[in-house]
């Protein structure tokens with residue numbers, strides 16, 4: 428079932444804020460008021476996961492410029508996130524919030540729980556300032572994601588939000604032409 432266009436569900440969790448090196452509480456309300464990216468991954472101390480989270484960190488400055496808060500989520504605890512941050516060269520570079528979801532509630536809310544393993548699937552969600560999911564990507568466990576696509580998707584989502592009635596075509600880049608859907612375009616694209 429798609430979450431696109433739907434409000435995120437309520438949650439409350441403990442997290443490790445890698446930027447401030449402290450444990451913090453995070454709720455669904457923290458994802459409102461700004462754009463947010465929520466990156467689910469299977470487990471700390473694994474193989475593909477650190478490459479993905481480091482890739483998100485490589486885009487972090489650009490995401491911050493766009494006013495985007497970043498949250499990673501796995502079914503590990505916030506304590507395990509801290510230990511991973513302290514012992515992994517890749518994860519030690521992170522500057523965003525790592526949410527622990529040992530109850531699997533958030534992972535279920537976003538419909539990315541692998542019921543067989545009890546772990547999160549590789550899901551990425553873009554949430555607008557109203558708490559509504561605007562984009563989602565879910566990959567099989569062995570397929571790592573490319574965080575550079577997040578910047579393009581967020582720019583497009585922000586443009587569409589600021590310009591009702593316009594849409595961004597494939598491979599849209601900031602400054603390029605958009606489309607205004609209407610009868611005059613039917614069959615002409």
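Numbering (the numbering used here), first residue to last: 428 to 616.
Where a beta carbon is used, it is the ideal one built from N, C-alpha and C, also for glycine.
1) Where does residue 509 land, buried or exposed, given buried means 16+ other C-beta within 10 angstroms?
2) Output yes or no for whether 8 Å exceeds the beta carbon distance between residue 471 and residue 516.
3) Between the alpha carbons of residue 541 and residue 603, how many angstroms are there, rounded?
4) CB-CB under 8 Å to residue 533, same chain, minus the five flanking residues each way: which ones, in chain order?
5) For residue 522, I'd like the list of residues in its chain whose CB is within less than 8 Å of its CB, leaving aside the five on either flank, ordered along the chain.
6) Is the separation between the beta-carbon of residue 493 and that of residue 585 shorter than 8 Å?
7) What residue ranges within the stretch 515 to 582 form continuous alpha helix (DSSP H) runs of no fewer than 4 residues, ordered along the chain?
8) How close, in whole Å, do the beta carbons of residue 450 and residue 505 come, if the pair is a contact with beta carbons under 8 Å?
9) Taking the alpha carbon of residue 579 as the point to measure from, which residue in 608, 600 and 478 has its own alpha carbon closest?
10) Residue 496 bridges to which residues according to DSSP?
11) Is residue 442 helix, strand or coil when you go by DSSP?
12) Quick check: is the beta carbon of residue 430 nearer than 8 Å to any beta carbon in chain C?
13) Leaving out five residues before and five after residue 475 in sequence, what residues of the same chain have Cβ atoms less than 6 Å from its Cβ?
14) Would you kindly work out how many angstroms separate the C-alpha atoms of residue 491 and residue 456, rounded to a whole number?
15) Can you look up residue 430 in the DSSP assignment and give me helix, strand or coil?
16) Contact defined as beta carbons within less than 8 Å: I believe residue 589 pairs with residue 565. What is the distance between those atoms, to the nearest angstrom?
17) Where do the ends of the beta strand (DSSP E) carrying residue 454 lie?
Reading it off the structure:
1) Walking along the chain shown from the start, residue 509 turns up at place 82. So residue 509 counts as buried.
2) For this step, residue 471 is matched to residue 44 along the chain shown. For this step, residue 516 is matched to residue 89 along the chain shown. Not closer than 8 Å, so no.
3) Counting from one through the chain shown, the residue named residue 541 turns up at place 114. Counting from one through the chain shown, the residue named residue 603 turns up at place 176. Rounded to whole angstroms, residue 541 to residue 603 spans 39 Å at the Cα level.
4) Position 106 of the chain shown, counted from the start, is the residue given in the question as residue 533. So the qualifying residues of the chain are 438, 440, 500 and 526.
5) Stepping through the chain shown from its first residue, residue 522 is reached at position 95. Only 445, 446, 484 and 487 meet the Cβ criterion.
6) If you number the chain shown from 1, residue 493 lands on position 66. If you number the chain shown from 1, residue 585 lands on position 158. Yes.
7) 532 to 536
8) Along the chain shown, one-based indexing puts residue 450 at 23. Along the chain shown, one-based indexing puts residue 505 at 78. Confirmed, about 6 Å.
9) In the chain shown, counting from the first residue as 1, residue 579 sits at position 152. If we check each option's Cα against that of residue 579, 600 comes out closest.
10) As a first step, residue 496 is located in the chain shown; it is residue number 69 there, counting from the start. Per DSSP, 463.
11) Within the chain shown, numbered from 1, the residue matching residue 442 stands at position 15. Of the three classes helix, strand and coil, the one that applies to residue 442 here is strand, per DSSP.
12) Note that chain C does not occur in the displayed structure, where there is just one protein chain.
13) In the chain shown, residue 475 corresponds to position 48, counting from 1. Here the set comprises 571.
14) As a position in the chain shown, residue 491 is number 64, starting the count at 1. As a position in the chain shown, residue 456 is number 29, starting the count at 1. Residue 491 and residue 456: Cα-Cα distance of roughly 19 Å.
15) As a position in the chain shown, residue 430 is number 3, starting the count at 1. Looking at residue 430 - three-state DSSP - the assignment turns out to be coil, as it is neither helix nor strand.
16) The residue you call residue 589 lines up with position 162 of the chain shown. The residue you call residue 565 lines up with position 138 of the chain shown. Actually they are not in contact, since the Cβ atoms of residue 589 and residue 565 sit about 27 Å apart, beyond 8 Å.
17) Your numbering for residue 454 matches position 27 in the chain shown. Residues 449 to 454.
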